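Okay, structure first, notes after.
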Amino acid sequence: MNTGVAALSGVYRPASAGLWALAWRQLCRDRVALVSLAILLFYLVLMAASGVGLIAADWPREVGVSYAPPGFMGPEAAAPSVGPALEPDAVAASPSEDMGIVDPLAEALAEIRKELAGVSATEARAPTLSFGADKWGRDVLKKAIKGTETSMLVGLVAAALAVFLGTVFGAQAGYYGGRADDFFNWLYSVFTSIPYLLLVLAIAAVLDQKGILTVILILGLTGWTGTFRLVRAEYLKHKVREYVLAADAIGASNRRRMFVHIFPNVSHVVLVQLSLHVVLFIKSEVILSFLGFGVGVDTVSWGSMLNEAQSELLLGKWWQLTAATIAMAVLVTAFSLFADALRDALDPRLK
Amino acid sequence: MLAYFVRRSWQFVPTLLGVVLLIFALFNWVGGDPAYLLAGKMPNPEQIENIRRQLGVDQPYYVQLWIFITQIATGDFGASWATNEKVSDIFTTRLGPSLTVLVPMLVISTLMAMAAAILVAYLRGSLTDRAIMIGCTVGQSISILVYILVFQYVFAYQLGFFPVQGWGNGFAENLLRYAALPIIVGVIVSLAPDTRLYRSFFLEEINQDYVRTARAKGLSENRVMWVHVLRNAAIPIVTNVMIQLPGLLAGAFLIERFFSIPGIGREVILAVERSDFPVIKAVTIYVAIATMVLNLLADLLYKAVDPRVQLK
Numbered sequence: 001m002n003t004g005v006a007a008l009s010g011v012y013r014p015a016s017a018g019l020w021a022l023a024w025r026q027l028c029r030d031r032v033a034l035v036s037l038a039i040l041l042f043y044l045v046l047m048a049a050s051g052v053g054l055i056a057a058d059w060p061r062e063v064g065v066s067y068a069p070p071g072f073m074g075p076e077a078a079a080p081s082v083g084p085a086l087e088p089d090a091v092a093a094s095p096s097e098d099m100g101i102v103d104p105l106a107e108a109l110a111e112i113r114k115e116l117a118g119v120s121a122t123e124a125r126a127p128t129l130s131f132g133a134d135k136w137g138r139d140v141l142k143k144a145i146k147g148t149e150t151s152m153l154v155g156l157v158a159a160a161l162a163v164f165l166g167t168v169f170g171a172q173a174g175y176y177g178g179r180a181d182d183f184f185n186w187l188y189s190v191f192t193s194i195p196y197l198l199l200v201l202a203i204a205a206v207l208d209q210k211g212i213l214t215v216i217l218i219l220g221l222t223g224w225t226g227t228f229r230l231v232r233a234e235y236l237k238h239k240v241r242e243y244v245l246a247a248d249a250i251g252a253s254n255r256r257r258m259f260v261h262i263f264p265n266v267s268h269v270v271l272v273q274l275s276l277h278v279v280l281f282i283k284s285e286v287i288l289s290f291l292g293f294g295v296g297v298d299t300v301s302w303g304s305m306l307n308e309a310q311s312e313l314l315l316g317k318w319w320q321l322t323a324a325t326i327a328m329a330v331l332v333t334a335f336s337l338f339a340d341a342l343r344d345a346l347d348p349r350l351k
Numbered sequence: 352m353l354a355y356f357v358r359r360s361w362q363f364v365p366t367l368l369g370v371v372l373l374i375f376a377l378f379n380w381v382g383g384d385p386a387y388l389l390a391g392k393m394p395n396p397e398q399i400e401n402i403r404r405q406l407g408v409d410q411p412y413y414v415q416l417w418i419f420i421t422q423i424a425t426g427d428f429g430a431s432w433a434t435n436e437k438v439s440d441i442f443t444t445r446l447g448p449s450l451t452v453l454v455p456m457l458v459i460s461t462l463m464a465m466a467a468a469i470l471v472a473y474l475r476g477s478l479t480d481r482a483i484m485i486g487c488t489v490g491q492s493i494s495i496l497v498y499i500l501v502f503q504y505v506f507a508y509q510l511g512f513f514p515v516q517g518w519g520n521g522f523a524e525n526l527l528r529y530a531a532l533p534i535i536v537g538v539i540v541s542l543a544p545d546t547r548l549y550r551s552f553f554l555e556e557i558n559q560d561y562v563r564t565a566r567a568k569g570l571s572e573n574r575v576m577w578v579h580v581l582r583n584a585a586i587p588i589v590t591n592v593m594i595q596l597p598g599l600l601a602g603a604f605l606i607e608r609f610f611s612i613p614g615i616g617r618e619v620i621l622a623v624e625r626s627d628f629p630v631i632k633a634v635t636i637y638v639a640i641a642t643m644v645l646n647l648l649a650d651l652l653y654k655a656v657d658p659r660v661q662l663k
């Protein structure tokens, strides 16, 4: 039976490409989309590598001097003799030499420090790091990588949660209509009548609990409204189509019709919503963490880096601000451009 | 029109009730017992009992809910837990500074974004259009925090064009001296997303038949774009601005915080930091009501300027 149908369609018309194949072809033609996809993949690899501890696992180690400048700037004027440091470890071997004069107290001081701080002080501290250090001498580059992991994790998981909720609510409301539709519409109007960030802040105030999980829950539980509206409209449109009636006729249950038959046909909407929400939530997480309502103090995120950078900037130490800004701007730009391209490819109406 | 107005106002009731329930559940149920929060570091049972009686937390939930509803209706949310200032006073004194920054910011950014959007919509598909759109995406991807930090550092701290932060007493002094840099930052931050949005409004109009008719009549391109297209595209733009307004009132908290402007947004942040529930509750409820009212007004305005719109 099946082969017969396939053979028939093969005879009468050339096999037409599906939505996804068409969309993929459209994406491949768009050079901007491909570049942003490559950047996204790079960030995902970075996040995974940092997540399993391959890179930047030792970010809390205080490897450099306080506010060590980036390597390409050379060390601070206080220690000019060491020259532009290409290998931070090599330079670190002689931190006490100034202009060729050996500090007579250096050894004694080193002894005292060693006794004061235990073993850790014996580690020599680098005067410069590849992208500078923060107040405690932690490597900014490693912090930025770790912050990427935190912010992306929050953005991706919260967006998945929000879009999942929006899809399930929207499917129920659009498919069943009636009471279910009224209820979810009411919920929608309640959530949308409070400005998004105000609601997020109110929940943050009540929970009074920091951590990645809290941020994910706050953002995910409040951010489903946009997806809901779109998915509901799609289900309203699709539930009266012939293929759904046919599914009804062959005895498919309501749930099966909703999620096996209709869902693949609205999944492009969901996918675009997912990528838009990742961007939105990354931005929100940065603001929350900056204000101190986000991730805890033992976690580093772009928001907490920007918070530290606030006072550093007044001292002229711009590298932490730059590192966090560039890391975030590149990711968010790539994600937004990719989301735009995805929408263009999947939704031909908008062209 | 009147029937529509009455029906829409009637729809406020369930929504508002939902908002009240949501806020109530959040603060009275999820938030836990505020007495422990208020009694300080070393609470004794007697003190806690006292505070609970004062706040009505020892009552059953339905009584507490009724207290909350009367608070909303009378506008009397009691005193702030942190400063003991009356919540209604906080509102009246903080609204002025917020509006001093917000209104010029909204007007300037809307006008600038409209001009930019009409230009890129006219040149759609060209290199300029693509470059500006990518520029907008990049501009949007930088956190608002970075804009504020860098602008404050460069223009106020380094170059000294503006005071770093603060607020004066006279309106003119505030507007021209203290609010200037916050307004500039706000305009720059909202320019990119607004331009993108308005561009889509203009694009929708440019392809309409009346534009072709206007060109066929021999009107100049300037007249077609700035009179015919602009007037039609202005409708969604104005309603969009109106809907944004209440959100901005609380949403400008970052700008207000950095520049020490004693506005509503800064009050929200302070309240969240100090777990000052009455202030957060009041702000949330009233901003929600303002959002609903402005949404209705936007719909009515839509109808008034565009008779084709069918109100359902």
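In order, the protein sequences belong to chains F and U.
By the working numbering, the letter at position 294 of the first sequence is numbered 294, and the numbering carries on one by one without gaps.
By the working numbering, the letter at position 113 of the second sequence is numbered 464, and the numbering carries on one by one without gaps.
Virtual Cβ for every residue (Gly too), placed ideally from N, Cα, C.
Keep in mind that this is a model prediction, so the values were computed, not measured.
Given residue i as reference, the closest of the options once Cα atoms are compared
{"i": "residue 320(F)", "options": "69(F), 297(F), 256(F), 29(F)", "result": "69(F)"}
{"i": "residue 315(F)", "options": "66(F), 35(F), 264(F), 16(F)", "result": "66(F)"}
{"i": "residue 457(U)", "options": "540(U), 401(U), 566(U)", "result": "540(U)"}
{"i": "residue 54(F)", "options": "142(F), 23(F), 41(F), 22(F)", "result": "142(F)"}
{"i": "residue 657(U)", "options": "586(U), 537(U), 632(U)", "result": "586(U)"}
{"i": "residue 493(U)", "options": "450(U), 479(U), 544(U)", "result": "544(U)"}
{"i": "residue 145(F)", "options": "229(F), 250(F), 47(F), 235(F)", "result": "47(F)"}
{"i": "residue 170(F)", "options": "262(F), 333(F), 336(F), 215(F)", "result": "262(F)"}
{"i": "residue 57(F)", "options": "291(F), 207(F), 286(F), 140(F)", "result": "140(F)"}
{"i": "residue 165(F)", "options": "177(F), 135(F), 194(F), 220(F)", "result": "220(F)"}
{"i": "residue 659(U)", "options": "583(U), 489(U), 477(U), 627(U)", "result": "583(U)"}
{"i": "residue 149(F)", "options": "283(F), 339(F), 173(F), 49(F)", "result": "49(F)"}
{"i": "residue 542(U)", "options": "580(U), 581(U), 574(U), 463(U)", "result": "463(U)"}
{"i": "residue 448(U)", "options": "646(U), 615(U), 506(U), 628(U)", "result": "615(U)"}
{"i": "residue 411(U)", "options": "396(U), 422(U), 380(U)", "result": "380(U)"}
Neighbourhood of residue i by C-beta distance below 7 Å, restricted to the same chain and skipping five residues each side
{"i": "residue 679(U)", "result": "This structure cannot speak to residue 679(U), because chain U is shown only from 352 to 663."}
{"i": "residue 564(U)", "result": "none"}
{"i": "residue 10(F)", "result": "In this prediction, residue 10(F) scores a pLDDT of 48, lower than 50, which makes its location untrustworthy; the coordinate-derived value is nonetheless stated afterwards. Around residue 10(F): no qualifying Cβ."}
{"i": "residue 436(U)", "result": "430"}
{"i": "residue 683(U)", "result": "No statement about residue 683(U) is possible, as the shown extent of chain U runs from 352 to 663 and does not include it."}
{"i": "residue 557(U)", "result": "472, 580"}
Chain-ordered chain U contacts of residue i [CB-CB under 7 Å]
{"i": "residue 208(F)", "result": "626"}
{"i": "residue 193(F)", "result": "366, 370, 639, 642, 643"}
{"i": "residue 283(F)", "result": "494"}
Other residues of its chain near residue i: CB distance less than 8 Å, five sequence neighbours each side excluded
{"i": "residue 554(U)", "result": "472, 475"}
{"i": "residue 598(U)", "result": "638, 642"}
DSSP beta-bridge partners of residue i
{"i": "residue 370(F)", "result": "No answer is possible for residue 370(F): the residues shown for chain F start at 1 and end at 351."}
{"i": "residue 135(F)", "result": "Residue 135(F) is not bridged to any residue."}
{"i": "residue 323(F)", "result": "Bridge partners of residue 323(F): none, in fact."}
{"i": "residue 433(U)", "result": "In the DSSP output, where bridge partners are listed per residue, residue 433(U) has none listed."}
Neighbourhood of residue i by C-beta, 6 Å cutoff - its chain only, sequence neighbours within 5 removed
{"i": "residue 147(F)", "result": "300, 301, 302, 305"}
{"i": "residue 608(U)", "result": "617, 620"}
{"i": "residue 230(F)", "result": "269"}
{"i": "residue 502(U)", "result": "536"}
{"i": "residue 357(U)", "result": "none"}
Partner residues on chain F for residue i, Cβ-Cβ distance less than 8 Å
{"i": "residue 422(U)", "result": "Result: empty, since nearest Cβ-Cβ is about 16 Å, beyond 8 Å."}
{"i": "residue 631(U)", "result": "201, 202, 205"}
{"i": "residue 489(U)", "result": "329, 333"}
{"i": "residue 561(U)", "result": "The contacting residues do not exist; residue 561(U) stays about 22 Å from chain F at best."}
{"i": "residue 619(U)", "result": "198, 201"}
Within chain U, the residues that residue i reaches when beta carbons sit closer than 9 Å
{"i": "residue 317(F)", "result": "Within 9 Å Cβ-Cβ: nothing; residue 317(F) doesn't reach chain U, min ~12 Å."}
{"i": "residue 203(F)", "result": "377, 381"}
{"i": "residue 328(F)", "result": "492, 493, 494, 497"}
Contact list for residue i against chain F, beta-carbon separation under 7 Å
{"i": "residue 598(U)", "result": "195"}
{"i": "residue 351(U)", "result": "An answer regarding residue 351(U) cannot be provided, because it is not within the stretch 352 to 663 covered by chain U."}
Partners in chain U for residue i, counting only beta-carbon separations shorter than 8 Å
{"i": "residue 310(F)", "result": "500"}
Kindly confirm or deny that the segment 512-522 of chain U and the segment 296-309 of chain F touch, where touching means at least three C-beta pairs closer than 8 Å.
no
Any chance the segment 151-167 of chain F sits against the segment 274-294 of chain F, with 3 or more Cβ pairs inside 8 Å?
yes
Is the segment 445-456 of chain U in contact with the segment 518-531 of chain U, if contact means three or more CB pairs nearer than 8 Å?
yes
Answer yes if the segment 210-220 of chain F comes into contact with the segment 648-655 of chain U, meaning at least three C-beta pairs across the two stretches below 8 Å, and no otherwise.
no
Pairing CB atoms from the segment 487-504 of chain U with CB atoms from the segment 416-427 of chain U, are three or more of them under 8 Å?
no
Measuring CB atoms only, is the segment 475-487 of chain U touching the segment 564-578 of chain U, in the sense that at least three cross pairs come out at less than 8 Å?
no
Taking one C-beta from the segment 187-202 of chain F and one from the segment 359-370 of chain U each time, how about it: are there three or more such pairs within less than 8 Å?
yes
Pair every Cβ in the segment 28-48 of chain F with every Cβ in the segment 317-334 of chain F, then say whether three or more of these pairs are closer than 8 Å.
yes
For the segment 257-269 of chain F, enumerate the residues whose C-beta is nearer than 9 Å to any C-beta of chain A, in chain order.
The displayed structure is made up of protein chains F and U, and chain A is not among them.
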